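Student: So the protein lines, in turn, are chains A and B.
By the numbering used here, the letter at position 243 of the first sequence is numbered 243, and the numbering carries on one by one without gaps.
By the numbering used here, the letter at position 284 of the second sequence is numbered 1284, and the numbering carries on one by one without gaps.
All C-beta atoms in this analysis are idealised placements derived from N, C-alpha and C, irrespective of residue type, glycine included.
Just so it is clear, the structure is predicted and the values come from calculations on it, not from any experiment.
My structure is below; once you've seen it, I'll send some questions.
There are 2 protein chains.
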Amino acid sequence: MKCRKCGHEAVINMRQHKLALCSEHFLEWVPEQTQRFIEKYRMFTPDERILVAVSGGKDSLSLWDVLLRLGYKADGLYIGLGIDGGVDYSNQSHEMCVKFLENFRSQISSVNVTADDGPQTVNTQYLIPKLHVVDIAKLYGETIPDVAARTTRGRGKPCSVCGLVKRHVMNRVARDGGYDVLATGHNLDDEVAVLFGNALTWNAGYLLRQAPMLPADKPGLARKVKPFCRLYERESAAYALVRGIDYIYDECPFAEGSTSIAHKEILNQMEKDSPGTKLQFYLSFLRAREQGLFAEQAAHVELNACEKCGQPTSAPGLCAFCRLWERRITKDE
Amino acid sequence: MKCRKCGHEAVINMRQHKLALCSEHFLEWVPEQTQRFIEKYRMFTPDERILVAVSGGKDSLSLWDVLLRLGYKADGLYIGLGIDGGVDYSNQSHEMCVKFLENFRSQISSVNVTADDGPQTVNTQYLIPKLHVVDIAKLYGETIPDVAARTTRGRGKPCSVCGLVKRHVMNRVARDGGYDVLATGHNLDDEVAVLFGNALTWNAGYLLRQAPMLPADKPGLARKVKPFCRLYERESAAYALVRGIDYIYDECPFAEGSTSIAHKEILNQMEKDSPGTKLQFYLSFLRAREQGLFAEQAAHVELNACEKCGQPTSAPGLCAFCRLWERRITKDE
Chain A
1 MKCRKCGHEA VINMRQHKLA LCSEHFLEWV PEQTQRFIEK YRMFTPDERI LVAVSGGKDS
61 LSLWDVLLRL GYKADGLYIG LGIDGGVDYS NQSHEMCVKF LENFRSQISS VNVTADDGPQ
121 TVNTQYLIPK LHVVDIAKLY GETIPDVAAR TTRGRGKPCS VCGLVKRHVM NRVARDGGYD
181 VLATGHNLDD EVAVLFGNAL TWNAGYLLRQ APMLPADKPG LARKVKPFCR LYERESAAYA
241 LVRGIDYIYD ECPFAEGSTS IAHKEILNQM EKDSPGTKLQ FYLSFLRARE QGLFAEQAAH
301 VELNACEKCG QPTSAPGLCA FCRLWERRIT KDE
Chain B
1001 MKCRKCGHEA VINMRQHKLA LCSEHFLEWV PEQTQRFIEK YRMFTPDERI LVAVSGGKDS
1061 LSLWDVLLRL GYKADGLYIG LGIDGGVDYS NQSHEMCVKF LENFRSQISS VNVTADDGPQ
1121 TVNTQYLIPK LHVVDIAKLY GETIPDVAAR TTRGRGKPCS VCGLVKRHVM NRVARDGGYD
1181 VLATGHNLDD EVAVLFGNAL TWNAGYLLRQ APMLPADKPG LARKVKPFCR LYERESAAYA
1241 LVRGIDYIYD ECPFAEGSTS IAHKEILNQM EKDSPGTKLQ FYLSFLRARE QGLFAEQAAH
1301 VELNACEKCG QPTSAPGLCA FCRLWERRIT KDE
């Protein structure tokens, strides 16, 4: 298989795009595509400050890398969840993020920045990114598995609590740090698995809020973007590999047996039988919504500020996050 | 496995309902359920005249049987498509319908009719059903495979043409015969496969028109109902088997390799992993629509009467059905 651009040996063949590329042109293609999605879905502008949620995995580190190479002002946020799972999962993940940043900083002088009007010199002070680290156990006194163990959320699995805590912390750090936007590394496979699950249950609230860009339409909520939402998981993995980004290979130990992994397997089968199925599923969903398939009021929820943390919540009084820790205090007393 | 109602040996175990039944109680359960769906989705009343589209398969013959046993005035409509496929498919199908009717008529005196207020005597003149037969080749000069072969519809497969022709003929016979409603034997597996396909492409028109009951909201359109829409395929097959209804076992020879069969396989896998998946998928869809998930105007289409047959069409001039035969005439001239 030859690269379509230069004829050299290809490192990846993207059947759904009928496009094979060599390593050099693939490393160009991913940022080009990302820039296209950033503009198409009006995610952010070069003036805005971006907080990238990094987990130490291929998607979020590749995203951070791409955003920095595109010249965006992107800092990282790592949330230490205190998950061990026999593989020292959280510590390993943290280390990957730190290592990425060190490598990136050491390379910074040689980075070619591509902007709208071609390669150019960029004020490098913006390009030296910061990594925020929030350690849940240190800050709130318990790890995620510990909190999950004493709540009824998530039927014995910490995933629901974990999602709740991460959303809260990401939003808080974005708000307190004065960031314009919060970026996550969700790839197409992630988005499609979630969409598939939401279509199976026809959950109006979830269906209407699944988007490449969610505006900050409530006071205290950060704008949320997913610049890799149209990139297949294997493309994001290939980017990390070819770019030489070291990342944590293990899935979260709690992910095993999850519904979204079961859905991913089904979708992988469908994609194999008919390349492009996932992309078409996602794009036709975005198009249908754009064209008014859904009644916007179907997902309307009244939000008010949490009495304790001030973040928006649909519950009266405390938000779900604050109630999570409130219960602990009550129990300890 | 024992019958939940009487403790005798069960003939079927419906995992999604956690319900096992013996043959006697299963033969009671299917009509009870069907009656429940007829009322719930306001399909028709005992006064109305029903035209049941029968194909000779398990679903439509079981449906006809159940409707007659419930005391409804239900005539059959068989459409001869002229499909051979090496198994004399259409002729065999026709024969099954004729045989069903003969058997039913011979049993008619011993049929126990269940009505709202328990078993009762019913004026049996209503219970002697008629079978309308429309032979496409005799009436229009060509079989379905022949028509399909000279059109661009359906990419080499007659399924699209077949659907178009059947919809037209069913609607015409219902209208001309003064029927209040047209009933088809679509089971839950059929409905779910279609819904799955429509969700994968997010087709607003199709999503909004998929329902257990479609009202006759345009002049010249018959009300359409699917009384078996919540019955699994294996339940409808079991009903035919236990009731002793002979039906054509072969799938239509052209169905092989179809998208809906591929979707059915995926859904079967999901159902196996988690019994009830299909039913939940369908019911949550109906519930979400009821609760206003979709913007009703998303599927709004202006219809006008076809200049030739008078049936509603979105096209100006002739409807797609009349254009199908128009082209033949032009070609022959």
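Which residue's Cα is closest to the Cα of Phe1281 (chain B): B:Asp1217, B:Asn1198, B:Pro1227 and B:Asn1304?
Tutor: B:Asn1198
Student: Please classify Ala193 (chain A): does DSSP put it in a helix, a strand, or coil?
Tutor: helix
Student: Any beta-carbon of chain B closer than 8 Å to the one on Asp189 (chain A)?
Tutor: no
Student: Note down, in chain order, each residue of its chain lying with its Cβ closer than 6 Å to the Cβ of Ser1260 (chain B), except the 5 sequence neighbours on either side.
Tutor: Here the set comprises Ala1193.
Student: Which runs of the alpha helix (DSSP H), 4 residues or longer, sit entirely within the segment 181 to 233 of chain A?
Tutor: List check, alpha helix (DSSP H) in window: 188 to 201 and 204 to 209.
Student: Any beta-carbon of chain A closer than 8 Å to the one on Leu1200 (chain B)?
Tutor: yes
Student: Is there a Cβ of chain A sitting closer than 8 Å to that of Ile1136 (chain B), yes or no?
Tutor: no
Student: Let me see if you follow: with CB-CB separation under 8 Å, is Gln1016 (chain B) close to chain A or not?
Tutor: no
Student: Excluding the five sequence neighbours on either side, which residues of its own chain have a C-beta within less than 7 Å of the C-beta of Ile79 (chain A), listed in chain order?
Tutor: Val134, Ile136, Lys166 and Val169
Student: If we count the other Cβ atoms within 10 Å of its Cβ and call it buried at 16 or more, is Ser55 (chain A) buried or exposed?
Tutor: buried
Student: Quick one: is Ser314 (chain A) buried, meaning 16 or more other Cβ sit within 10 Å of its Cβ, or exposed?
Tutor: exposed
Student: Smallest Cα separation from Gln1035 (chain B): which of B:Glu1233, B:Asn1304 and B:Cys1229?
Tutor: B:Cys1229
Student: Can you give the Cα-Cα distance for Tyr1126 (chain B) and Leu1051 (chain B), rounded to whole angstroms?
Tutor: Legend: pLDDT at Tyr1126 (chain B) = 48, less than 50; position of this residue unreliable, no value from coordinates given.
Student: Have a look at Phe1044 (chain B) and Pro1227 (chain B) and give me their C-alpha separation to the nearest angstrom.
Tutor: Each residue's alpha carbon lies about 10 Å from the other.
Student: Determine the direct distance from the alpha carbon of Gln1291 (chain B) to that of Tyr140 (chain A), and round the result to whole angstroms.
Tutor: 40 Å
Student: Could you tell me which chain B residues have their CB closer than 9 Å to the CB of Gly336 (chain A), listed as they occur along the chain?
Tutor: For residue 336 (chain A) there is no data in the structure shown, the boundaries of chain A being 1 and 333.
Student: Using a Cβ-Cβ cut-off of less than 8 Å, list which residues of the segment 255 to 279 of chain A approach chain B; keep chain order.
Tutor: If the cut-off is 8 Å between Cβ atoms, the segment 255 to 279 of chain A has Ala262, Ile266, Gln269, Met270, Asp273 and Thr277 near chain B.
Student: Across the segment 260 to 273 of chain A and the segment 205 to 225 of chain A, are there enough close Cβ pairs to call them in contact, namely three or more that are closer than 8 Å?
Tutor: Touching, no, given that fewer than three Cβ pairs across the two stretches are closer than 8 Å.
Student: Beta-carbon separation of Gly76 (chain A) and Cys97 (chain A) under 8 Å?
Tutor: yes
Student: Contact criterion: CB-CB distance below 8 Å. Does Ser314 (chain A) meet it with respect to chain B?
Tutor: For Ser314 (chain A), the answer is no, since every Cβ of chain B falls outside 8 Å of its Cβ.
Student: Less than 8 Å separating the beta-carbons of Gln1092 (chain B) and Gly1220 (chain B)?
Tutor: no
Student: Return the CA-CA distance between Gly14 (chain A) and Tyr1239 (chain B), expressed in angstroms with no decimal places.
Tutor: According to the sequence shown, residue 14 (chain A) is Met rather than Gly. When rounded, the distance between both Cα atoms is 48 Å.
Student: Looking only at its own chain, which residues have a Cβ that is under 8 Å from the Cβ of His1132 (chain B), when we skip the five neighbours before and after it?
Tutor: The residues are Leu1051, Asp1075, Gly1076, Leu1077, Tyr1078, Val1173 and Gly1177.
Student: For Gln16 (chain A), collect the residues of the same chain with a Cβ closer than 7 Å to its Cβ; drop the 5 residues on either side in sequence, then sort them by chain order.
Tutor: Pro275, Gly276 and Leu279
Student: Report the rounded CA-to-CA distance for His300 (chain A) versus Leu1208 (chain B), giving the unit in angstroms.
Tutor: 21 Å
Student: Which residue wins for smallest C-alpha separation from Arg323 (chain A), given the options A:Leu293, A:Arg153, A:Gln297 and A:Asn203?
Tutor: A:Arg153
Student: For Ala1074 (chain B) and chain A, any beta-carbon pair shorter than 8 Å?
Tutor: No, its Cβ sits nowhere closer than 8 Å to a Cβ of chain A.
Student: Can you tell me which of B:Arg1243, B:Phe1037, B:Cys1162 and B:Ile1083 puts its alpha carbon nearest to the alpha carbon of Cys1022 (chain B)?
Tutor: B:Arg1243
Student: Does DSSP put Leu335 (chain A) in a helix, a strand or coil?
Tutor: Nothing about residue 335 (chain A) can be read from this structure; chain A reaches only from 1 to 333.
Student: In the segment 1216 to 1233 of chain B, which residues sit with their C-beta less than 7 Å from some C-beta in chain D, listed in chain order?
Tutor: Among the chains of the structure shown, chain D does not appear; the protein chains present are A and B.
Student: Run through the DSSP bridge pairs and tell me what Pro312 (chain A) is partnered with.
Tutor: A:Ala305
Student: By alpha-carbon positions, which one of A:Asn304, A:Ile245, A:Leu231 and A:Ala305 ends up nearest to Trp29 (chain A)?
Tutor: A:Leu231
Student: Excluding sequence positions up to five away, which residues of its chain have a Cβ less than 7 Å from the Cβ of Ile1248 (chain B)?
Tutor: Gly1056, Gly1057, Gln1092, Ser1093 and Met1096
Student: For the alpha helix (DSSP H) holding Met170 (chain A), just list the boundary residues, first then last.
Tutor: Counting along the chain, the alpha helix (DSSP H) containing Met170 (chain A) begins and ends at Cys159 to Asp176.
Student: Count the other CB atoms within 10 Å of the CB of Ala20 (chain A); is the residue buried (16 or more) or exposed (fewer)?
Tutor: buried
Student: Suppose the cutoff is 7 Å on Cβ atoms and the five residues either side in sequence are ignored; what does the same chain contact list for Lys1099 (chain B) look like?
Tutor: Asp1246
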